[in-house]
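Engineer: If you scroll down you'll find the structure; I have some questions about it.
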Amino acid sequence: MHDTTGHADRQYSRRIFLQQGLTFFSLTATAPLFIDRTALAIAGPMSSLLSSRPGVPEDRVLVVVQLGGGNDGLNTVIPFGAPEYYRMRPGLAIPEPGRGGAGNAAALAIDQSRGLGLHPNMAPFKELMDDGVASIVQGVGYPNPNRSHFASMDIWHTADTSGRGVGWLGRYFDNCCAGAPDPDAAISIGRTAPLAMIGQTQQPVSFETAELFRWAGAELDPRLAGTYDGITRHEMPATGAAGAPDAIDPQLAFLTRTTLDAQISSDRIRAAVAKRPLAEWPRGALADQLRLVSAMIRDGLATRVYYVSLGGFDTHANQTGQHANLLGQLATSLRAFHRELRAQGNSGRVLTMVFSEFGRRVAQNASGGTDHGTAAPMYLVGDMVRPGLLGTHPSMSGLEQGDLVHTVDFRHVYASVLAHWMKADAAKVLGGRFEPAQILRA
Amino acid sequence: MPEPSLKPLRPDRFGFAEAQHLLQRAGFGGTPQQIQALAELGLDRAVEFIVDYQRIGREPVPADAFDRDIMRPADAEERTELRQARARGDEAVLEAFRMERQRRQQLDRQQFAALQRWWMKRIIETPAPLEEKMTLFWHGHFATAYRPIEDSYHLFMQNRLFREHAVGSFRSLVHGIIRDPAMLAYLNNNQNNRRRPNENLARELMELFTLGEGNVYTEQDIREAARALTGYTFDDDDFIFREGQHDSGEKTLFGRRGQWNGADLVELILSNAVVAEFICSKLYRYFVSDAAEGWSRDARSFVQRLAGRFRDAKFEIAPVLKAIFRSEHFYDGVNRAAQIKSPVQLAVQLVRQLHTPVRSLDTLVQACAMMGQDLFQPPSVKGWDGGRAWINTSTLFVRQNLAVYLLTGRRPGGTAWERDGAEFDAMPLLDPVLRGTAGSGTQDVCAYLLRTLLGRPPADPRLRQVEAFVDACGGRFDNQVLIGVLTLITALPEYQLC
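Here the protein sequences come in this chain order: A and B.
Take 11 as the starting number for the first sequence in this note's numbering and just add one per residue.
Take 131 as the starting number for the second sequence in this note's numbering and just add one per residue.
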């Protein structure tokens, strides 16, 4: 399955590595040294010790935020120092700091010397950066970029430039917990599980809201709810085919057990969500999902990876207002999530990673929007991230067919998340060796 | 000894419960009346009725049921225009081409969704359920997914290929699959040429489609097989053999030297005895038992005998299926109500067994995806693992809630799913018991429903709970109470089994 791309990519990553030198990649995969701090932050350290599984760091959580549709990286991280930006986006460009006007707010400077800033609605995210708990990985992409939503999303999900195979997080679980997939190890908030979370054996739990993670019959008639409870809440001796109550039927025992687990998880998740959050939360789809995740983290679920998503970034027409709203939602939601986790004492054990399937073309189109492009930034939040602007912004003058050329392959970021954060064998999960990007504090 | 483990069931042992087992496993279950009719045919005629379905008049699947031109490749004129635009750096023309491609991709996704609905509808309505069940089997076996190939018509063509040989010749199927555009694209054989061989199809052809991982073949065989498959590609919707890309040199496959091509490769692979065992063990897992607790000695010996039958029948599938469905082993107590329903099995069986309204094909397709079985979209070339891999805490709720939806039209939380408001009249389900002499008290009716819907009695305390619900509702079965009981029965762990 991997023979079409492996060789070329390895060569490629080598070249990138040599270009970037030691600023972004390191030769030795050094473990971050904040483990002690993390351990102190956990409310009940015993619980995680008791549930420990070999090779799985029980106390570390990864939250993946997917921005669907292709977020416009150039109007998120603003290259206000590049004249090309203003020339190619006369109607869309965000003014450079200090040059804003009424109804046209200026970029927020984050690196004056390199001429880089943030969209004004990203102010809450800038706060996180100023606090040293957030970063932007610039110019992330992959070779021979695919501009189809479908295909490019699959490439990000499989970590394979052919977009084939099972998901990268699914493979992580297949590798770390082979043979005994933990039912709650991976939770995605949404209707169907994202490909990224699906492994050969790992199947993530997925639900849209806590209210939907329950039996719908309970809403029909209270008597039904009571009967259903009576049926499912007790682990009863499984009946064999002959009807003898003592005959052990392994399939039925498994189903009975999982039905009971589902009830317990459902109760637990709905109870967790019912608790008053510790921070102020904005409204919106992403905030709702992250609040749900924060509630589950607070409740101490054994979940290692959560997956949430926000759509609507496919801004082909009249982009300005739409995109500003989405970025505002993203930034305020991420800030609320971090504040909530900090108040819980969990901000040291939760790494949040934000990505989109591609960025958008440098030049605006005729409809006041932008078309599908290539490289774009990723965003990271957590006490453990190396804060600030990481890597190199793609060149604004050296475009390829009007598109940005990526400066880092996303699999280097995945490699770091896997090797340094999840303590997994990144090469095995990714099906190839990628130098981990230096995205975490040493 | 003459095939002791393929021994047929004694004809007088084939009653209602056996017919029910046959109809669930070889099909998607049915109403008590249908089961009774099958039972009355007797074992041999029932098995023939199921397997020799060509005799039944069924909807044809014409090649033009879907639009073949949505994803057509650029014609000569367009290619010239594109080349010239690239040469002079004409961004406007290039952009127009990109937009046109995006528009077609969007259209194709709509056709893909229509294709999913079409198959779901056919599975629900077919008078020949084994045709669909075997087509689904081959889809999982020669797994090909829409996403990387983005051509719905090619998947439709592949579905027709599986359908054509569903219970026919496995040999024809393998020869067909190395000429199938969807498969050739999915496993990159369209990039396999003599200068740069691509081993993807060659490897999976042996590992997943015919021999089984690590059986018989070596890495060297895979390299040689890839050479034999060079030049096997497609142009638009048709297989073509590009002689100029084919490596016509001598190759050594399984120790035999020759100027082998793809057809030779298939024959050389099929000459290995292990093929029959590999395919029969997959058929066994699909129809008899998913062997969740490992393979019993009985199961192993049964598969051995089946493989012998398969070889004798020169890779014809129907004789193997008949041997399975006639065998005493198939009807053995340990194999009854012991298999976890696939999502498609669950959804379709709910409709076929209870005669609920179909409500929304889209919803059924989406519910199956939520339960882990997205039609035409298996997670990888390995297909679906099946068995316990279908079940986790969230898929279990979807399974139960899908039943609530079909029975009542109510979606959990009332959000995204379609609501059609169609009332389900469940009362005909009770016709046999209300007209019969078995009694029509709460206990009799509950026992009857559980027996006909589960194929096994549930644990006693669960039965009592269901009865208590009926009593709490006044002890009378009207449509509403009956639907309530059905939501409970379909929520039982037992209902996940067939």
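We put the beta carbon where it would ideally sit given N, CA and C, even for glycine.
According to DSSP, B/P138 sits in a beta bridge with which residue or residues?
Structural biologist: Locating residue 138 of chain B in the second sequence gives position 8, where the first residue counts as 1. According to DSSP, B/P138 bridges with B/S457.
Engineer: For my contact list, B/V297 and B/M264 are in at a C-beta cut-off of 8 Å; report their separation, rounded to the angstrom.
Structural biologist: Residue mapping note: residue 297 of chain B aligns to position 167 of the second sequence, counting from 1. Residue mapping note: residue 264 of chain B aligns to position 134 of the second sequence, counting from 1. Right, their Cβ atoms sit about 6 Å apart.
Engineer: Contact criterion: CB-CB distance below 7 Å. Does B/N323 meet it with respect to chain A?
Structural biologist: The residue labelled residue 323 of chain B in the question sits at position 193 within the second sequence. Judged by the 7 Å Cβ criterion, B/N323 is not in contact with chain A.
Engineer: For B/V528 and B/M500, which I take to be in contact (beta-carbon distance under 8 Å), what is that distance rounded to the nearest angstrom?
Structural biologist: Reading the second sequence from its first residue, position 398 is the one you call residue 528 of chain B. Reading the second sequence from its first residue, position 370 is the one you call residue 500 of chain B. Confirmed, Cβ separation roughly 5 Å.
Engineer: With 7 Å as the threshold, decide whether the Cβ of B/A602 is near any Cβ in chain A.
Structural biologist: Position 472 of the second sequence holds residue 602 of chain B. Chain A contact via Cβ: present.
Engineer: Quick one: which chain B residues come within Cβ less than 8 Å of A/F160?
Structural biologist: On the first sequence, position 150 is the one that residue 160 of chain A refers to. Under the 8 Å cutoff, chain B gives Q235, R239, R277 and E280.
Engineer: Any beta-carbon of chain B closer than 7 Å to the one on A/L270?
Structural biologist: Here residue 270 of chain A refers to the residue found at position 260 of the first sequence. Not closer than 7 Å to any Cβ of chain B, the Cβ of A/L270 fails to qualify, so no.
Engineer: Verify whether the separation of the beta carbon atoms of B/F408 and B/L398 is less than 7 Å.
Structural biologist: Taking the first residue of the second sequence as 1, we reach residue 408 of chain B at position 278. Taking the first residue of the second sequence as 1, we reach residue 398 of chain B at position 268. Not a contact, by the Cβ cut-off of 7 Å.
Engineer: For B/Y625 and B/I619, what's the separation of their Cα atoms in angstroms?
Structural biologist: For the purposes of this step, residue 625 of chain B is taken as the residue at position 495 of the second sequence. For the purposes of this step, residue 619 of chain B is taken as the residue at position 489 of the second sequence. Using only the alpha carbons, I get a separation of about 7 Å.
Engineer: Is A/D309 helix, strand or coil by DSSP?
Structural biologist: By 1-based counting over the first sequence, the position of residue 309 of chain A is 299. Residue state, collapsed to three classes: coil.
Engineer: For the putative contact between B/K471 and B/Q483, defined by C-beta atoms under 8 Å, what is the C-beta separation to the nearest angstrom?
Structural biologist: The residue labelled residue 471 of chain B in the question sits at position 341 within the second sequence. The residue labelled residue 483 of chain B in the question sits at position 353 within the second sequence. No, B/K471 and B/Q483 are not in contact; Cβ-Cβ is about 11 Å, not under 8 Å.
Engineer: So with CB distances below 9 Å, who are the chain B contacts of A/W178?
Structural biologist: Taking the first residue of the first sequence as 1, we reach residue 178 of chain A at position 168. Chain B residues near A/W178: none, gap ~13 Å exceeds 9 Å.
Engineer: DSSP puts A/G8 in a beta bridge; with which residues?
Structural biologist: Summary: the structure shown does not reach residue 8 of chain A, with chain A confined to residues 11 through 452, and so no result is reported for it.
Engineer: Let me confirm a value: B/V575 is counted as buried when at least 16 other C-beta atoms fall within 10 Å, else exposed. Which label applies?
Structural biologist: The residue given as residue 575 of chain B occupies position 445 in the second sequence. Buried is the call here.
Engineer: Under 9 Å between beta-carbons, which chain B residues line up against A/W225? List them in chain order, please.
Structural biologist: The count along the first sequence starts at 1 and reaches residue 225 of chain A at position 215. In chain order: F527, Q530, N531, V534, P542, T617 and A621.
Engineer: Taking a cut of 9 Å between CB atoms, which residues from the stretch 87-117 of chain A lie near chain B?
Structural biologist: So nothing in the stretch comes that close.
Engineer: Output the distance between the C-alpha atoms of B/I352 and B/G157, rounded to the nearest integer angstrom.
Structural biologist: The residue you call residue 352 of chain B lines up with position 222 of the second sequence. The residue you call residue 157 of chain B lines up with position 27 of the second sequence. Answer to the nearest angstrom: the Cα atoms are 37 Å apart.
Engineer: Checking contacts by CB at 7 Å: is B/E423 closer than that to chain A?
Structural biologist: Taking the second sequence and counting its residues from 1, the one referred to as residue 423 of chain B is at position 293. Yes - at least one Cβ of chain A is within 7 Å of the one on B/E423.
Engineer: Leaving out the 5 sequence neighbours to the left and right, which residues in its chain are closer than 7 Å to B/A546 when beta-carbon positions are compared?
Structural biologist: In the second sequence, residue 546 of chain B corresponds to position 416, counting from 1. Note on B/A546: pLDDT 44, under 50, position unreliable in the model; the coordinate value appears next. Within the same chain, B/A546 has no close Cβ partners at all.
Engineer: Could you spell out the range, first to last residue, of the beta strand (DSSP E) harbouring B/R126?
Structural biologist: Residue 126 of chain B lies beyond the stretch modelled for chain B, which goes from 131 to 628, so this question has no answer here.
Engineer: Identify whether A/F217 lies in helix, strand or coil by the three-state DSSP scheme.
Structural biologist: As a working note, residue 217 of chain A is residue 207 in the first sequence. Looking at A/F217 - three-state DSSP - the assignment turns out to be strand.
Engineer: Can you give me the C-alpha to C-alpha distance between B/D515 and B/D220, rounded to a whole angstrom?
Structural biologist: Looking up residue 515 of chain B in the second sequence gives position 385. Looking up residue 220 of chain B in the second sequence gives position 90. Rounded to whole angstroms, B/D515 to B/D220 spans 49 Å at the Cα level.
Engineer: Could you tell me which whole beta strand (DSSP E) segments of length 3 or greater appear in the stretch 349-386 of chain B?
Structural biologist: If we require 3 residues or more, the beta strand (DSSP E) runs fully inside the stretch 349-386 of chain B come out as 362-365, 368-371 and 381-383.
Engineer: Measuring only between beta-carbons, confirm whether A/A145 sits less than 7 Å from chain B.
Structural biologist: By 1-based counting over the first sequence, the position of residue 145 of chain A is 135. It is worth fixing the name first, because residue 145 of chain A is Ser in this sequence and not Ala. A/S145 does not count as touching chain B.
Engineer: Among the residues of its own chain, which have a CB less than 8 Å from the CB of A/P64, if the five just before and after it don't count?
Structural biologist: Along the first sequence, read from residue 1 onward, the residue named residue 64 of chain A stands at position 54. With a pLDDT of only 40 at A/P64, under the threshold of 50, the placement of this residue in the model should not be trusted; the figure read from the coordinates follows. Here the set comprises nothing.
Engineer: Given B/Q530, which residues of its chain have a CB within under 7 Å of its CB, disregarding the five upstream and five downstream residues?
Structural biologist: Here residue 530 of chain B refers to the residue found at position 400 when the second sequence is read from its first residue. Answer for B/Q530: T620 and A621, listed in chain order.
Engineer: Counting only runs that start and end within the stretch 141-187 of chain B, where is the alpha helix (DSSP H) found for 4 or more residues in a row?
Structural biologist: If we require 4 residues or more, the alpha helix (DSSP H) runs fully inside the stretch 141-187 of chain B come out as 146-156, 162-171 and 173-181.
Engineer: State yes or no: is the beta carbon of B/I521 nearer than 7 Å to at least one beta carbon in chain A?
Structural biologist: Translated into the one-based positions of the second sequence, residue 521 of chain B becomes position 391. Taking Cβ atoms only, chain A reaches closer than 7 Å to B/I521, which makes this a yes.
Engineer: Could you pull the start and end residues of the alpha helix (DSSP H) that B/V404 belongs to?
Structural biologist: Taking the second sequence and counting its residues from 1, one reaches residue 404 of chain B at position 274. Unbroken alpha helix (DSSP H) run through B/V404: V404 to F417.
Engineer: Mind checking the stretch 195-228 of chain B against chain A and listing, in chain order, the residues whose C-beta falls within less than 8 Å of any C-beta there?
Structural biologist: Listed by position, the residues of the stretch 195-228 of chain B near chain A (Cβ gap below 8 Å) are E221, L224, E225 and R228.
Engineer: Terminal residues of the continuous alpha helix (DSSP H) containing B/Y347?
Structural biologist: Residue 347 of chain B sits at position 217 when you count from the first residue of the second sequence. That residue, B/Y347, is in no alpha helix (DSSP H); it is neither H nor E in DSSP.
Engineer: For B/R565, does the three-state DSSP call read helix, strand or coil?
Structural biologist: In the second sequence, counting from the first residue as 1, residue 565 of chain B sits at position 435. Helix at B/R565.
Engineer: Along the beta strand (DSSP E) that carries A/T362, what are the first and last residues, could you check?
Structural biologist: Counting from one through the first sequence, the residue named residue 362 of chain A turns up at place 352. Here the beta strand (DSSP E) through A/T362 covers V360 to S366.
Engineer: Going by DSSP in three states, B/V596 sits in which element: helix, strand or coil?
Structural biologist: As a first step, residue 596 of chain B must be located in the second sequence, where it is residue number 466. Correct three-state label for B/V596: helix.
Engineer: Determine the burial state of B/I524: buried for a count of at least 16 other Cβ atoms within 10 Å of its Cβ, exposed for fewer.
Structural biologist: Mapped onto the second sequence, residue 524 of chain B falls at position 394. As written in the sequence, residue 524 of chain B is Ser, which differs from the Ile given in the question. Buried is the call here.
Engineer: At the 7 Å Cβ level, is B/Q638 part of the contact set with chain A, yes or no?
Structural biologist: Nothing in the structure corresponds to residue 638 of chain B, since chain B is present only between 131 and 628.
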